[in-house]
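A quick write-up on the structure given underneath.
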């Protein structure tokens with residue numbers, strides 16, 4: 001990946017690509033959240049229908065199985081972008097400067113390789129499902145749409161990891177540079193501040209800080 005660097009030292013092309021990729025990740029994360037909400041509402045209808053009207057939702061189990069791909073994989077790239085996955089920060093927190101960025105880079109490269117293998121395997125399963133016309137047992141829903149979502153979401157994660165490889169490599173070469181579009185270790189106060197901003201916006205965070 002090539003990147004044009006502004007006089008300030010900020011890789012502008014890298015930042016623009018990060019913004020474009022981030023918008024796609026936000027969309028996938030929204031789809032995942034919407035699928036969870038829809039499944040919850042469907043479960044309510046299923047319980048009420050079965051309990052009071054003896055009329056459950058046809059294919060409820062089949063719909064649940066297909067929706068699992070959306071909420072399990074839809075937000076995976078977004079979570080990687082914001083550093084929401086479980087990280088061994090108790091170990092990484094002992095490193096500083098270039099040593100920290102090298103450790104982060106090695107970890108991301110290993111994940112990048114694993115995700116590449118998962119993309120290949122999940123695409124193979126999608127092709128097989130599409131070719132044989134695989135469907136669910138109860139109402140006969142085709143399974144290939146949910147199986148296609150898996151390699152697509154993993155490909156989005158692979159792109160995010162590729163971005164982070166570049167970001168960490170940049171920091172390995174220039175340890176004093178500003179970390180851009182990579183997860184960084186935060187202290188408890190900073191992490192709490194970011195959680196408040198996500199929940200209530202910057203205004204709510206500022207009011208909480210003043211209180």
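Residue numbers (the UniProt record's numbering): 1 to 211.
Think of the CB as a built atom: it goes at the ideal place given N, C-alpha and C, for glycine as much as any other residue.
Do residue 185 and residue 92 count as a contact pair if the criterion is CB distance below 9 Å? Yes.
8 Å contact criterion, which residue 60 and residue 42 should meet: CB distance rounded: Indeed, because the Cβ distance is near 7 Å, the residues count as touching under 8 Å.
What do you get for residue 29, buried or exposed, if any count of 16 or more other CB atoms within 10 angstroms of its CB means buried? Under this definition residue 29 is a buried residue.
What is the DSSP secondary structure of residue 6, reduced to helix, strand or coil? Any reading at residue 6 must be qualified, since the residue scores a pLDDT of 39, below 50, and its modelled position is unreliable; the value itself is stated next. Note: residue 6 maps to coil in three-state DSSP.
C-beta contact flag for residue 46 and residue 56 at 9 Å: Contact flag set, yes.
Run of the alpha helix (DSSP H) containing residue 136, from where it starts to where it stops: Residue 136 -> no alpha helix (DSSP H), and no H or E assigned at all.
Closest by C-alpha distance to residue 141, when choosing among 120, 62, 106: Scanning 120, 62, 106 for the CA closest to the CA of residue 141 turns up 62.
Which listed residue (54, 145, 98, 176) has its alpha carbon closest to that of residue 129: Selected option, being the one with the closest Cα: 145.
Relative to the C-alpha of residue 31, which residue among 71, 53, 13, 156 is closest? Residue nearest to residue 31 within the set 71, 53, 13, 156 is 71 (criterion: CA-CA distance).
In whole angstroms, give me the CA-to-CA distance for residue 20 and residue 77. Those two C-alpha atoms are separated by around 13 Å.
With residue 81 and residue 25 assumed to form a contact (beta carbons below 8 Å), what rounded beta-carbon distance in angstroms separates them? A Cβ-Cβ separation of about 6 Å places residue 81 in contact with residue 25 under the 8 Å criterion.
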